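Undergrad: In UniProt numbering, the protein residues as written are 1 to 144.
Each residue gets a CB set at the ideal place from its N, CA and C atoms; glycine is no exception.
Since the structure is predicted, the reported quantities are computational estimates derived from the model, not experimental observations.
Provided herewith is a single structure, encoded as structure tokens, for subsequent inquiry.
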Amino acid sequence: MASWLNVREGRTVDTLSVAPEFRVNGEAPNCIARAWIDDNLVPGYVRLSSHVGFFVHQGQVVTKKEFQLFLNGNLEWLEYEQGQPLPLEALQVGRTAQNEPLFVGNVEVEGVVMYGKVQGHVCYVATDSGVIERTSFLLLAIIE
């Protein structure tokens with residue numbers, strides 16, 4: 001089970017409590033988030049330093065100031081390699097408007113851990129320069 005915090009536009013998240021060892025280049029890290037986009041609940045990430053969420057929808061980067069921030073859960077990251085079936089333990093964190101399940105993946109981009117939606121067997125991550133697609137990634141899963 002996972003817990004989520006609704007963050008509305010204008011509300012800030014206290015980043016001072018982020019321990020120094022979790023900071024990236026002196027800034028608060030990216031955190032897992034999800035947001036509603038055209039009837040789709042899409043996983044992505046939030047840059048805590050700017051309080052902006054980054055998501056991929058229909059092949060495009062979408063930014064949002066209202067999102068749900070992942071808080072905690074009894075979870076772990078599992079390695080996923082192209083050609084494997086998605087593990088049964090994978091945590092569904094979203095869905096498309098057609099009820100296709102969406103999961104959250106974790107990839108490293110230029111030394112920074114970033115999160116994105118896993119749809120089918122591909123992890124799509126929003127970056128400043130566009131969408132990155134990876135077929136090998138870490139997948140968030142439930143620990144029993």
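Taking DSSP as the reference, what is the three-state secondary structure of residue 63?
TA: Three-state result, residue 63: strand.
Undergrad: Taking just the CA atoms, how far does residue 33 sit from residue 69?
TA: Answer to the nearest angstrom: the Cα atoms are 4 Å apart.
Undergrad: Name the residue from 40, 61, 65 and 60 whose alpha carbon lies nearest to the alpha carbon of residue 49.
TA: Checked all of 40, 61, 65 and 60; the closest Cα to residue 49 is 65.
Undergrad: Do you know offhand how far residue 148's Cα is from residue 79's?
TA: Here the chain has residues from 1 to 144 only, and residue 148 is not among them.
Undergrad: How long is the line joining the alpha carbons of residue 86 and residue 8, rounded to whole angstroms?
TA: Going from the Cα of residue 86 to the Cα of residue 8 covers about 32 Å.
Undergrad: Roughly how far, in whole angstroms, is the beta-carbon of residue 75 from the beta-carbon of residue 91, given that I think they are within contact range, below 8 Å?
TA: The pair is a contact, with the Cβ atoms about 6 Å apart (cut-off 8 Å).
Undergrad: What beta strand (DSSP E) runs, 3 residues minimum, are completely inside the region 83–129?
TA: For the region 83–129, whole beta strand (DSSP E) runs of length 3 or above, ordered along the chain, are 92–95, 101–109, 112–119 and 122–127.
Undergrad: In whole angstroms, what separates the C-alpha of residue 130 from that of residue 144?
TA: If you take the alpha carbons of residue 130 and residue 144, they lie about 36 Å apart.
Undergrad: Between the Cα of residue 108 and those of 95, 52, 100 and 127, spot the shortest distance and give me the residue it belongs to.
TA: The candidate whose alpha carbon is nearest that of residue 108 is 127.
Undergrad: Whole angstroms is fine: what's the gap from residue 106's alpha carbon to residue 51's?
TA: Taking the straight line from one Cα to the other gives about 19 Å.
Undergrad: Does DSSP put residue 74 in a helix, in a strand, or in coil?
TA: Coil, per DSSP.
Undergrad: Any idea if residue 42 is buried or exposed, counting beta-carbon neighbours within 10 angstroms, 16 or more meaning buried?
TA: Buried, by the Cβ-count rule.
Undergrad: On a Cα-Cα basis, can you pick out the residue from 36, 30, 96 and 67 that is closest to residue 119?
TA: Ranking the options by Cα distance to residue 119, first place goes to 96.
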